[in-house]
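Peer 1:
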Amino acid sequence: MSTVDDKTVDDKTVDDATAAGARTGRGALGVDAPRPDGGPKVRGEFAFSGDLWADDMVWGATLRSPHASARIRSIDVSAALALPGVTTVVTADDVPGSKYYGLEHRDQPVFAWEQVRYAGEPVAAVAADHPETARRALAAIVVDYEVTPPVLDPEEALTAPDLHPDGNTFRRLLINKGDPTARGPVVVEGTYELGMQDQAFMGPEAGLASPAEDGGIDLIVSTQWLHNDRDQIAEALGLPPDKVRLTLGGVGGAFGGREDVSLQIHASLLAQRAGRPVKMVYSREESFLGHVHRHPGRLWMRHSADADGTIVSYEARIVLDGGAYRSSSYHVVANAACFSAGPYNTPNAVVEGLGVRTNNPPCGAMRGFGAVQVCFAHEAQMDELADACGIDRVELRLRNAMAPGDTLLTGQVVDGALPVAEVIRATAALPLPEPLAADPSASDPMGRPGGAGRTTDHGDVVRGTGFAVGFKNLMYAEGYDDDSHASCHLEGGIVTVTCAAAEVGQGFVTLCQQIGREVLGVDDVVVAPADTAIGSAGSTSASRQTWMSGGAVEKACRSVRAQVLTGVAGAHGAEEADLDLVGGRVVARSGAVPVDVALADLTADRAFSDSVRFQHRTTYPLDADGQGDAHVSVACAAHRAVVDVDPELGLVRVVQIATAQDVGKVLNPTAAIGQVEGGIAQGVGLAVMEEMLLVEGRPRNPSFTDYLIPTALDVPDVLIDWIEVPEPEAPFGAKGIGEPPVISSTPAVVAAIRAATGRPLVRVPVRPADIVGLDG
Amino acid sequence: MDVVLPTTVDEVVAARVEQPAAAVLAGGTDLMVAVNAGATRPEAVIALRTVAELATWRREDDHLVIGAGVTYGQLLRSELAELVPGLAHASRTVGSPQIRNAGTIGGNLGTSSPAGDALPVLVALGATVELAGPDGRRSLPMVEFATGPKRTALGPAEVITGVRVPVTGGAQQYRKVGVRNAMVIAVASVALSVDPGDRRVGVGLGSVGPVPLPAPEASAFAADAIDWATGTLVDPAAARRFGELVAAAASPIDDHRSTAAYRRHAVAVLAERSLRTACAPGAPDREVAA
Amino acid sequence: MTAPYVLTVNGTERTVEDAWLGESLLYVLRERLGLPGSKSGCEQGECGSCSVEVDGELVCSCLVLAASATGTAITTVEGLQPERSDFTDVQQAFVDEGAVQCGFCTPGLVMAVHDLLNRTSEPSDLEVREAISGNLCRCTGYGRVFAAVEAAVAVRRGVVS
C-alpha cells in the first residue's frame, strides 16, 4: 500500500471514531452505538474507493457495446493507442487467464470478443493520464459490429436458439407439495409484472489497482465480497489467489449491486499491463450499465380457498428475465419460487420458477433477492382472495399465517422463530395518520400528490390504505458451505477485531465494536480494515452478516475472553467462573479470591488472540419436487401503507408506512430504524417510480435525471414496531433486518393506490397513466 | 484565452464575434451536464457570471426587464415573486435548491428545452426575449424565439440579455406533472396568466410539443368565460371546456418519460385546475412560500 | 490545457495548473486540490453529493466550470469546521441521530442542511424536505436525516446543548 496516499486506507478512521465516540457515548449490544466511521463521514474525510489517489496513477475506462446483440468482426485499437497520454488498451486478446468470469458460474466474458450479448457489455478498456483522455481514447477504438436481432422476451428466449453455449435457461425449478388436484371453492387468479429495478447506490463503482513487486496486484475496491472478487481476478489474470490482494475501499452503498465483479478485473488487468496504478471510477451512466439489476418478472398465480378463506391450493408460474449472463439468477429463481406463497400455510402447491437468458442487461442480486417479485404478486392475490371470500384482508392473512412448526413450500418445517401473526397484528395496531381533511401537510401543495409541481388542489386528493406481508430466508441455501472468518486480538488493553465482511453502509463495523464491548467488557474496540489477508467472510448479502460474521466475531472474542479468564484465574488461584470482564478490568464477581486486574496492565507485554471460522447449520439441495431442508431461517414483516392519490392525474404521495418486523433481537435501535426506513424508501421507489427502461435491450434512462429514486419529498413517515422473538440458532438471537423492509412495502403501497382508485394495477412501478386508465 | 469573463454585454458580444465556437456559460446546469458526459468539448468558454447587467432586473412602467442571469432562486425569493408569481411558481418546480441557485432564466431560454420550466410562463405572459448582437439590440416575442427542441432564433454572435414581461396584477399559475414529487423534468406543464387590465388570458404549455406552446383558442375562450368585473367564471363548468381546448393545442409525443395520450390528458387537467383556481372567488393565488 | 487560474477555497487561494478546460469544480477539488469530501455521484446536478457553497449560494460543484469560478469564495465540507477534530452542530447531529449509513451523500446533505438552517431557524417538515430534495440518499430513506435536522434545530434554539 506504499504507493497510496495517506488519505486512503489507514487507521485514521479508528482515531476519529474515538473522538466521535467520546462525545456520543458508547454502546454494547442492544443499545445505540455510534458508527466508528460516522465522524469521518460527516466531515468528508472518509475515504471512499473513488477518493483514492496514487503517485503515477492513470485512469481506466471501459468501452461498452451499444448493441444488445452483435457479432464482433474486428476491433482496431491502434488509433486509441496513438493518442498522446494513452498508456495502454486491452481487449479479450490481452486477458492472460480465464476469459470468463461470474459470481457463481463463469459464463461472462471479461471482454466480449466474437459475440456481444447485451448493450453495455465491455469490449475493451483503456488507461490514460486524464479521464478526458481516456474518454477520447474509447471514442477512437473502432469496433466492427455485425448487429443481429436481439432476443428480448423471456418467453421467446425459452424456445429461441441458444444465446450462449450454456443455453437459455438459467434454472427451471419445480415445486410440488401435497395434492396437486386439491381445490377449494373460492378461486382467484392473476398475472403480475415488475419492471427492472436498479440498486442505484450513491457511490459509483470505483477502485485503485496497483501492480505489486511480486507480480501480483493490490486492489482497493468497493465490493460486497472481497474473496469472491479475488478469485475471479486471479483466474482472469492467471495469478495464484495469494498474489491478488484486495482491501475494501469505502463503499457508497451496495444493495446487491456490488456482489458481481464490475471493474475489478479490468482495473487489475490494466494495472498489470501498464505497470502503474490504475484508478477506475464509473460515471453514473456506466454504473447503470456496469452492474446487475433486479430481475424483471412476469408472474401468474392461482389460489383456491375454503369459503372461510383458508388456503387450499396454490399454483404459480414465475418467469424472471436474467438477461445475458447468469450472475445469481440460479438462486434468485430458487428464492422466488420457494417463498412465492408468502408466509401463509399452503398445503398443496405446484410452482414453476424460471430464470431465462435474454439479450437484456444481466440481472442478479438486489435487496430482497426474488422475494420482492413474488410478494408483489402473492399479496395482490391475498387481497383478491379476501374480497372473494368476503372477509377482511388483514383477517384473511391472520387466518393463514404460518407459525413455527408449519412447513414451507419446500416441505421444510420452520423450527425457529416466525411470528407472522404477531407482525400482522402489531402493524395493524399502529396509529393511522391524521385524516386527509386534518392532515397539516396536505394543506400545502408541496405535501400533496405532485409535490413541488403544485399540480393538485386539496379537493383533488383521495386517500387509500393497503396492507401486505412478506417473508424471506436468511443466509445462503441449498447446501452452500457458508462460513465466515474473524480474529480478535487483545494487546495493550486494546481489542482489535478483524473480519473481511464488507461494510457497505449497513453498520457491520459498529456491530463489531458492540460485540467486542459486550464480550470483553472494554470501551475501545478497533475494527481493522477488511481485506483478503484473513479468510473469507462471505458476501454482505442475504441478511447474513450479523449472523455469520457477527457470529464469527463473537466466537473470536469469546475465545480471547476465555484465554484471559483462564490466565488470570491461574495466576491468582481464582475460579474462572467467578471472574468477569467489566470496564476494561478482570474482576472477581464472587468467590474467595479478590481479583481486580486492568486489561491494559495484563496485556502490556503479552497478547491474547484467536482466529476462528463460523458456520451455520447444514442445508441441503432441493429434490426433483423442490422439497428439502434448503434454508437456515426465515424472517417476516408486515407493512401498512397510507397513500394520497390524485386520481385524475395519477399522482401519488405515500403518506405513512407502518411496519412491524420480525427481528429476533434489536442490537442497535437507531441503526435498525435506519435499515427499515431505507428499505421502505426502496420499496416505495419500486411501487411508484423506479424502472430501468429498455429500448431494443438498451437502457433508455441510465441517469439520475430519468431513473428516478425517491427524494425527501417522496418518502413517507415510518412507524415501526419490533417483534423480538429470539432466533434460537442465531448469535444474540438476532435476525438480519435489511431485506424484509423492501419486500412487502411495495405491495402495501400498490394496494393502497388500488384502494384509493379502484384500478387493478397489476404492474410496478405504477405509472400515472396506469392510474388514470390511459395504459391502453 | 480559455475562459472569458466579460463584465458588460458589449464585451460578451465582442467575445462572441471573436470566438464564434466558444460555448456560452450561464448557470452551467445544462452546459456542464453535456461537458461532464463528453457530449460537448468546448474549446473556449464565455462565462456570463460577471456581467452586471444580466444579473439584475428593473421595472419599466407596467413591465419588468429581467436580466438573463437572474437565477430561479432570485425569481423565487426576491420581490419578483410578487410581481410575476407565475415565474416564481415555475422556478420552485425547477430541480433542487442547488439547481435553482445556479440555473438562470437566460440559460433556460438558451437551451430551449421543450421542458424548460420558465418558458411556458413566458409564453403565457406574452413575454419578449431581449437580445444583443453585433448589429445592436432587438426584441423577439417568446413564441418566435423558440424554434424547435434545443433550437432558437438566437443569431450566431448574439447573446440573450433578458426577458420583458408585463406586471399584470392578476392571477398566475404554473403546474407541472412529473413522476416524482420533487426534482423532476416536466412530463407536462401548464402556465396560466389572467390579466385583468388587458382582459387577456395567456396560456403556455410545456413538454407537449417541440417548443413551449401557446393555446390561442383556449385563451380566447377563457377571456370570454370570465366575468371581468369579479374575476370569476360566469359558468364554473367553463374550466373543463378550457382544459379541452388547451389539450387540443398540445402536440405531444411518446417518449421514455410518458406517453402522448397521458400528456394531452394531463395538460387538460392542469389547465382546468389552473383556471378554476385563478378565477376562484377571492384573491389571486400568489402564494409562493419560499 | 488552460492557463493557470486561482480559486479561493475555504479561505485559501489555490492555483490550478495544467487543467483541461472542461474540468468541473468538483473534479478540481477532488483530483487537483486534495479535497475529496465533495462526492461525485452523477455529474448532472441530480444527486447533490457534490454540494458546495459558491459566494454563499449552495450549488452542485459538478455543474460549476472550475475555470469560471475565479474570484468567488468557495466553501466545501472540509471548510465547515474550524478544527479537524471538531464537528459542526449539524455534523454532530448527523452522527448522533444515525443519519449516516454509507455516508456517500452525507457531505452534500451536511452542506444543504447548513444552508437551510442559515436561512431558516425553525423550518417546517415540508421546508426541510424541500431543502434537501436535491440530495439523494439511497440508504436511510431520509428518516434519520430529518431527525438530525430536528436535533440541530433544537441545539441552535438552545433547547439542547
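The listed protein sequences derive, respectively, from chains A, B and C.
First residue of the first sequence: -3, per my numbering; consecutive thereafter.
First residue of the second sequence: 34, per my numbering; consecutive thereafter.
First residue of the third sequence: -19, per my numbering; consecutive thereafter.
Yeah, the Cβ is synthetic: ideal placement off N, Cα and C, and Gly gets one too.
Source: prediction; values computed, not measured.
#1: For G211 of chain A, count neighbouring C-beta atoms within 10 Å of its own C-beta (all shown protein chains included) and say buried if the count is 16 or more, exposed if not.
#2: Just how far apart, CA to CA, sit G(-9) of chain C and A160 of chain B?
#3: Flag S104 of chain C as yes when its Cβ comes closer than 7 Å to any non-hydrogen atom of the ligand ATP, and as no otherwise.
#4: State yes or no: is the beta carbon of N214 of chain B nearer than 8 Å to at least one beta carbon in chain A?
#5: Classify N850 of chain A as buried or exposed, calling it buried when 16 or more other Cβ atoms lie within 10 Å of its own Cβ.
#6: On the DSSP letters alone, give me the boundaries of the beta strand (DSSP E) that D125 of chain A sits inside.
#7: Quick one: is T442 of chain A near chain C, going by C-beta distance under 8 Å?
#8: Determine the direct distance from the alpha carbon of M442 of chain A to that of A373 of chain A, and round the result to whole angstroms.
#9: Interface residues of chain A around T142 of chain C at Cβ under 7 Å?
#10: S94 of chain A and A232 of chain A - do their beta-carbons sit closer together than 8 Å?
#11: Rounded to the nearest angstrom, what separates V721 of chain A and H289 of chain A at their Cα positions?
#12: Counting pairs of Cβ atoms below 8 Å between the stretch 290 to 304 of chain A and the stretch 181 to 198 of chain A, do you hit three or more?
#13: Shorter than 8 Å from the beta carbon of C30 of chain C to some beta carbon of chain A?
#14: Can you tell me whether I171 of chain A is buried or exposed, with buried defined as 16 or more other CB within 10 angstroms of its CB?
#15: Buried or exposed: which applies to D94 of chain B, given that a residue is buried once 16 or more other Cβ atoms fall within 10 Å of its Cβ?
#16: For a minimum of 3 consecutive residues, which ranges assigned as the beta strand (DSSP E) are wholly contained in the stretch 53 to 109 of chain A?
#17: Determine the closest residue to V80 of chain C out of C:A111, C:R99, C:T120, C:G51, with distance taken between C-alpha atoms.
#18: Give me the DSSP bridge partner(s) of V227 of chain B.
#19: List, in order along the chain, the chain A residues whose C-beta lies closer than 8 Å to that of S41 of chain C?
#20: By how many angstroms is the C-alpha of L350 of chain A removed from the C-alpha of L244 of chain A?
#21: Which two residues bound the contiguous beta strand (DSSP E) that contains W296 of chain A?
#22: Can we say the stretch 50 to 69 of chain A touches the stretch 139 to 157 of chain A, given the rule of at least three CB pairs closer than 8 Å?
#23: Going by DSSP, what residue range makes up the beta strand (DSSP E) through C495 of chain A?
#24: Does DSSP put A584 of chain A in a helix, in a strand, or in coil?
#25: Taking only beta-carbon positions, decide if T292 of chain B is within less than 8 Å of chain C.
#26: Taking the alpha-carbon of V370 of chain A as reference, which of A:V465, A:A497, A:R102 has the nearest alpha-carbon?
#27: Got a sec: is the Cβ-Cβ distance from V465 of chain A to anything in chain B below 8 Å?
#28: Just checking my contact of G246 of chain A with S218 of chain A at CB under 8 Å: how many whole Å lie between their CB atoms?
#29: At 7 Å on the CB atoms, spell out the chain A contacts of Y295 of chain B, in chain order.
#30: In this structure, what does DSSP give as the bridge partners for P199 of chain B?
#31: At least one CB of chain F closer than 8 Å to the CB of L97 of chain B: is that the case?
#32: Kindly indicate if chain C contains any beta-carbon less than 8 Å away from that of V5 of chain A.
#33: Once DSSP output is grouped into helix, strand and coil, what is the label at P167 of chain B?
#34: To which residues of the same chain is P358 of chain A closer than 6 Å at the C-beta, ignoring the five residues directly before and after it?
#35: Contact check, V582 of chain A vs V564 of chain A under 8 Å by CB: the rounded distance?
#36: Considering just the uninterrupted stretch of the beta strand (DSSP E) at Y485 of chain A, what are its terminal residues?
Peer 2: Reading it off the structure:
#1: Mapped onto the first sequence, residue 211 of chain A falls at position 215. Burial call: exposed.
#2: By one-based count along the third sequence, residue -9 of chain C stands at place 11. By one-based count along the second sequence, residue 160 of chain B stands at place 127. So the two alpha carbons sit approximately 42 Å from each other.
#3: Because no ligand of any kind appears in the structure shown, any question about the ligand ATP cannot be addressed here.
#4: Residue 214 of chain B sits at position 181 when you count from the first residue of the second sequence. Answer yes: the Cβ-Cβ gap between N214 of chain B and chain A drops below 8 Å somewhere.
#5: The requested residue 850 of chain A does not occur in the structure, where chain A is confined to residues -3 to 772.
#6: Sequence index remark: in the first sequence, residue 125 of chain A carries index 129 (1-based). Run containing D125 of chain A: none; DSSP gives neither H nor E here.
#7: Mapped onto the first sequence, residue 442 of chain A falls at position 446. Inspection of the sequence shows that residue 442 of chain A is occupied by Met rather than by Thr. At least one chain C Cβ lies under 8 Å of M442 of chain A.
#8: Along the first sequence, one-based indexing puts residue 373 of chain A at 377. Along the first sequence, one-based indexing puts residue 442 of chain A at 446. Those two C-alpha atoms are separated by around 32 Å.
#9: Summary: the structure shown does not reach residue 142 of chain C, with chain C confined to residues -19 through 141, and so no result is reported for it.
#10: Sequence index remark: in the first sequence, residue 232 of chain A carries index 236 (1-based). Sequence index remark: in the first sequence, residue 94 of chain A carries index 98 (1-based). In this structure, S94 of chain A lies closer than 8 Å to A232 of chain A by Cβ.
#11: Reading the first sequence from its first residue, position 725 is the one you call residue 721 of chain A. Reading the first sequence from its first residue, position 293 is the one you call residue 289 of chain A. Computed Cα separation, rounded: 33 Å.
#12: yes
#13: The residue given as residue 30 of chain C occupies position 50 in the third sequence. Not one chain A Cβ lies under 8 Å of C30 of chain C.
#14: Residue mapping note: residue 171 of chain A aligns to position 175 of the first sequence, counting from 1. Per the 10 Å Cβ criterion, buried.
#15: By one-based count along the second sequence, residue 94 of chain B stands at place 61. Answer is exposed; the Cβ neighbour count stays below 16.
#16: 54 to 60, 66 to 72, 82 to 86
#17: Sequence index remark: in the third sequence, residue 80 of chain C carries index 100 (1-based). Of the listed residues, the one whose Cα sits closest to V80 of chain C is C:T120.
#18: In the second sequence, residue 227 of chain B corresponds to position 194, counting from 1. Answer is B:V234.
#19: Mapped onto the third sequence, residue 41 of chain C falls at position 61. What S41 of chain C touches in chain A: nothing, since even the nearest Cβ is about 12 Å away.
#20: Position 248 of the first sequence holds residue 244 of chain A. Position 354 of the first sequence holds residue 350 of chain A. Rounded to the nearest angstrom, the two C-alpha atoms are 35 Å apart.
#21: Within the first sequence, residue 296 of chain A is the residue found at index 300, counting from 1. That run of the beta strand (DSSP E) goes 293 to 301.
#22: yes
#23: Position 499 of the first sequence holds residue 495 of chain A. Segment 490 to 495, the beta strand (DSSP E) holding C495 of chain A.
#24: Counting from 1 along the first sequence, the entry for residue 584 of chain A is found at position 588. Note: A584 of chain A maps to strand in three-state DSSP.
#25: Indexing the second sequence from 1 puts residue 292 of chain B at position 259. Not one chain C Cβ lies under 8 Å of T292 of chain B.
#26: Position 374 of the first sequence, counting from 1, holds the residue named residue 370 of chain A. The shortest C-alpha separation from V370 of chain A is found at A:V465.
#27: Stepping through the first sequence from its first residue, residue 465 of chain A is reached at position 469. It does not: the Cβ of V465 of chain A has no partner Cβ on chain B nearer than 8 Å.
#28: Taking the first residue of the first sequence as position 1, residue 246 of chain A is located at position 250. Taking the first residue of the first sequence as position 1, residue 218 of chain A is located at position 222. Rounded, the Cβ-Cβ distance is 7 Å, consistent with contact.
#29: In the second sequence, residue 295 of chain B corresponds to position 262, counting from 1. What Y295 of chain B touches in chain A: P764, A765, V768, L770.
#30: If you number the second sequence from 1, residue 199 of chain B lands on position 166. According to DSSP, P199 of chain B bridges with B:H96.
#31: You won't find chain F in this structure, because its protein chains are A, B and C.
#32: As a first step, residue 5 of chain A must be located in the first sequence, where it is residue number 9. With a pLDDT of only 35 at V5 of chain A, under 50, the local geometry of the prediction cannot be trusted, and the value read off the model is given with reservation. Taking Cβ atoms only, chain C never reaches closer than 8 Å to V5 of chain A, which makes this a no.
#33: Here residue 167 of chain B corresponds to residue number 134 of the second sequence, with the count starting at 1. Residue state, collapsed to three classes: coil.
#34: Translated into the one-based positions of the first sequence, residue 358 of chain A becomes position 362. Excluding sequence neighbours, P358 of chain A sits near V288, G319, A320, Y321, S323.
#35: As a position in the first sequence, residue 582 of chain A is number 586, starting the count at 1. As a position in the first sequence, residue 564 of chain A is number 568, starting the count at 1. Indeed, because the Cβ distance is near 5 Å, the residues count as touching under 8 Å.
#36: Taking the first sequence and counting its residues from 1, the one referred to as residue 485 of chain A is at position 489. It should be noted that the sequence gives His, not Tyr, for residue 485 of chain A. 479 to 487 is the extent of the beta strand (DSSP E) around H485 of chain A.
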